[in-house]
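Peer 1:
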Amino acid sequence: MPVPSPRNAPMSAQSGAPGRWACLSLFAIALGLSSCVAPQGPPQKVSSAVVDRARDLAATPADWAAACGDWDDWDQRAPAFRVFGNTYHVGTCGISALLVAGPEGHVLIDTGTRQGSVGVLENIRNLGFAPENVVAVLTSHEHFDHVGGLWWVNRNTGARVVTSPKAAPVLASGQASPDDPQSGRNPPMRAIPADLIDTVTPGHPVTLAGMAFTPIASPGHTSGALSWQWESCEGSDCRTIVFADSLTPVSRDDYRFADHPAYLRAYRDSIARIAALECDILLTPHPSASRMRDKALAGEFASEPKCGRYAQTVLGQLQTRLTGEARE
């Protein structure tokens, strides 16, 4: 359970200095929170009527597919729709952002680009939710197309940022990590104050707004990438949802994955972890990677590809990349 504290109070570092992506106190760890997420203060209560009404206000998945067509435009606005239970897609046509809503507050996963994040907040409002009831923003990987809107979302919600230890310095500086295969290729992001960033221990669930989320280490596309697993229910029908990170072997022109054996091992381990996950519904930062449009048109998100097939696909992409490098 979360330990009460002011909502935006920084964590205390293990050294005693505030704010620098530190772990929870021994008291919090004794309660089972071994990850480094700062305890959340009590958010405003959200009435069950508001939570229920969001289902009626949401567009249908088919509406989203029709609005987006075959586009994969990162900033093209799209209507919010319900994936399953209390999980909503509030992102754009080309970039996913997910809202997991509850009576104790809401959790947002990714923000999209700076421009796209404006539409994300609008979609949250269109569902009848107040953005200030978003208590945390979880991150997938530390690139501008997925978390470039963090500063804007934090400014409008007060939500803390929850990320991996390796991604935290990137978010706090706005600059890519030197070990990012795309370092130097992407534009910088607006930095997030370090005292607004919390880190998690992969594999250890964290409780936010009364809901449990498990971070899964997913280095590959970036070194600080995370996937996330949680459960959403409709009555007694509960589904395990996985937001699996991109894991595509994209890089700047002079980067060779084969020249970085430790990184490559971590990359392969990430794929194996995704393949082993319980996964009723697969979602991805780029909707096209999990064939979201096809699933939306069919009205069934608990269909293939799921985690196992997704892992096979990205493993094949990695092998193709390595084969190409060997021929150079």
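In the UniProt record's numbering, the protein residues as written are 1 to 328.
Every residue, glycine too, gets a C-beta built ideally from N, C-alpha and C.
Quick caveat: nothing in here was measured; it's all calculated off a predicted structure.
(1) Rounded to the nearest angstrom, what separates Glu-122 and Asn-156 at their Cα positions?
(2) Taking the C-alpha atoms as reference points, what is the distance between Tyr-255 and Pro-181?
(3) Taking 8 Å as the threshold (C-beta atoms), are Asn-126 and Gly-102 in contact?
(4) Taking the alpha-carbon positions, what's the Cys-307 to Ala-97 distance?
(5) DSSP three-state call for Cys-279: helix, strand or coil?
(6) In the structure shown, what three-state DSSP assignment does Gly-308 receive?
(7) Helix or strand or just coil, what does DSSP make of Pro-2?
(8) Under the three-state reduction of DSSP, which class applies to Leu-26: helix, strand or coil?
(9) Does Ala-209 come out as helix, strand or coil in the three-state DSSP assignment?
(10) Per DSSP, what are the beta-bridge partners of Cys-238 in this structure?
(11) For Trp-228, name the three-state secondary structure that DSSP assigns.
(12) Just to confirm, is the Cβ distance from Gly-116 to Asp-75 under 8 Å?
(13) Closer than 8 Å is the cut-off here; do at least three beta carbon pairs connect the stretch 192-201 with the stretch 233-252?
(14) Using DSSP bridges, identify the partner residues of Ala-101.
(15) Round the Cβ separation of Ala-168 and Thr-199 to the nearest angstrom and send it over; I've been treating them as touching at under 8 Å.
(16) What's the gap between the Cα of Leu-283 and the Cα of Val-161?
(17) Contact check, Thr-214 vs Val-314 under 8 Å by CB: the rounded distance?
(18) Buried or exposed: Pro-261, going by 16 or more other Cβ atoms within 10 Å of its Cβ?
(19) Pair every Cβ in the stretch 216-223 with every Cβ in the stretch 267-287, then say whether three or more of these pairs are closer than 8 Å.
(20) Would you decide whether Arg-82 is buried or exposed? Buried here means 16 or more other CB atoms lie within 10 Å of its CB.
(21) Could you work out which residue in Ala-130, Tyr-267, Gly-299 and Trp-151 is closest to Arg-321 when comparing CA atoms only?
(22) Could you check what DSSP says for Thr-60 in three-state terms: helix, strand or coil?
(23) Excluding five sequence neighbours on each side, which residues of the same chain lie with their C-beta closer than 8 Å to the C-beta of His-286?
(24) Count the C-beta pairs between the stretch 104-116 and the stretch 139-150 that are closer than 8 Å, then say yes if the count reaches three, no if not.
(25) Alpha carbon to alpha carbon, how far is Glu-325 from Leu-318? Give it in angstroms, no decimals.
(26) What three-state label does DSSP hand Pro-249 in the structure shown?
(27) Nearest to Phe-243 by CA position, among Glu-231, Ala-80, Ala-58 and Val-50, is which residue?
(28) So what's Asp-198 in DSSP terms, helix, strand or just coil?
(29) Alpha carbon to alpha carbon, how far is Ser-140 from Leu-226? Give it in angstroms, no decimals.
(30) What are the partner residues of Ile-216, as DSSP defines its beta bridges?
(31) With distance defined between alpha-carbon atoms, name the residue in Trp-228, Thr-201 and Pro-202 nearest to Met-211.
Peer 2: On the basis of the data shown:
(1) Cα to Cα, Glu-122 sits roughly 11 Å from Asn-156.
(2) For Tyr-255 and Pro-181, the distance between alpha carbons rounds to 6 Å.
(3) Cβ distance not < 8 Å, so Gly-102 and Asn-126 don't count as in contact.
(4) Their backbone Cα atoms lie some 19 Å apart in a straight line.
(5) Of the three classes helix, strand and coil, the one that applies to Cys-279 here is coil, per DSSP.
(6) Residue state, collapsed to three classes: helix.
(7) The pLDDT assigned to Pro-2 is 36, lower than 50, so where the model puts this residue is not dependable; a value taken from the coordinates is nonetheless given after this. Reduced to three states, the DSSP call for Pro-2 is coil.
(8) In this prediction, Leu-26 scores a pLDDT of 30, lower than 50, which makes its location untrustworthy; the coordinate-derived value is nonetheless stated afterwards. Secondary structure of Leu-26 (DSSP, three-state): helix.
(9) In the structure shown, Ala-209 sits in coil (DSSP, three-state: anything other than H, G, I, E or B).
(10) Per DSSP, Cys-233.
(11) In the structure shown, Trp-228 sits in a strand (DSSP, three-state: E or B).
(12) Cβ atoms of Gly-116 and Asp-75: closer than 8 Å.
(13) When Cβ pairs closer than 8 Å are counted between the two stretches, the stretch 192-201 is seen not to touch the stretch 233-252, the count staying below three.
(14) In DSSP, Ala-101 forms a bridge with His-106.
(15) Indeed they touch by this definition, with Cβ atoms about 5 Å apart.
(16) Pairing Leu-283 with Val-161, the inter-Cα distance amounts to about 20 Å.
(17) Actually they are not in contact, since the Cβ atoms of Thr-214 and Val-314 sit about 20 Å apart, beyond 8 Å.
(18) Counting Cβ neighbours within 10 Å, Pro-261 comes out exposed, since fewer than 16 surround it.
(19) Result yes; three or more Cβ-Cβ pairs closer than 8 Å.
(20) Looking at its Cβ environment, which holds 16 or more other Cβ atoms inside 10 Å, Arg-82 is buried.
(21) Of the listed residues, the one whose Cα sits closest to Arg-321 is Tyr-267.
(22) DSSP places Thr-60 outside both helix and strand once states are collapsed to three, so it counts as coil.
(23) Closer than 8 Å at Cβ, skipping near neighbours: Asp-72, Gly-94, Ile-95, Ser-96 and Ser-246.
(24) Yes, the stretch 104-116 touches the stretch 139-150.
(25) One alpha carbon belongs to Leu-318, the other to Glu-325, and they sit about 11 Å apart.
(26) Of the three classes helix, strand and coil, the one that applies to Pro-249 here is coil, per DSSP.
(27) The candidate whose alpha carbon is nearest that of Phe-243 is Glu-231.
(28) Residue state, collapsed to three classes: strand.
(29) Cα to Cα, Leu-226 sits roughly 5 Å from Ser-140.
(30) According to DSSP, Ile-216 bridges with Ser-227.
(31) It is Trp-228 whose Cα lies nearest to the Cα of Met-211.
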